[in-house]
Amino acid sequence: MYAGLITYSGISVKMLVDQNRGAHLLTMFMVDYEVGGAAQNHEHPFEEGYFFLQGETDFELGGQIHHFRPGDTAWAGVGTTHACYNTEGGRVRWIETQAPVPPRQHSYRWPTDWERYEAEHCQGSDENA
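Quick note on the working numbering: the sequence shown kicks off at -4 and runs consecutively.
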């Protein structure tokens, strides 16, 4: 099953700039979170910038919780874990950019998947080193 189906809920995305519009180095889109919408903790092999337009939300970046309001900005570097849970009771909307353009595969990485892989495949690897 596609991991995005499990870890995202109540979210819609409207693409504004992407490869379909001729962009080669960047994507930009609007994210709209319904009340109760969530994106579980994940990270990417690219950078993301956020400009908050509507509503208020707690947003986890690199293990720290930040409260964002309209006009606030945020940035997640390559490999920075981040998550958003819309628990404030109203719709939340922001503009998001990604650079460079995300790869067609492996653009989302879920820490729980890495932990499960490590538990299944790396036990005892220190003893063999």
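The beta carbon of each residue, even a glycine, is placed where N, CA and C say it ideally should be. The model shown is predicted, which means the values in this text are computed figures rather than measured ones.
N36 carries a strand assignment under DSSP once its states are collapsed to helix, strand and coil. The C-alpha of V8 is placed about 15 angstroms away from the C-alpha of G44. F41 is positioned such that its CB atom lies no closer than 9 angstroms to that of I90.
Within the same chain, and ignoring the five residues on either side of G50 in sequence, the residues whose Cβ sits closer than 6 angstroms to its Cβ are G85, R86, V87. The beta carbon of A33 sits closer than 6 angstroms to those of S4, Y80, all from its chain and outside the five residues before and after it, given in chain order. Runs of beta strand (DSSP E) with 3 or more residues, each lying fully within the stretch 45 to 108, are found at 52 to 56, 59 to 63, 68 to 71, 77 to 80, 87 to 94, listed in chain order. Its Cα nearest to that of T75, the residue H39 stands out among A94, H39, Y103, A69. The beta carbon of A78 sits closer than 8 angstroms to those of A33, A34, Q35, N36, H37, F54, E55, all from its chain and outside the five residues before and after it, given in chain order.
With respect to the 9 angstroms criterion, A69 and L21 are not classified as neighbours on the basis of their beta carbons.
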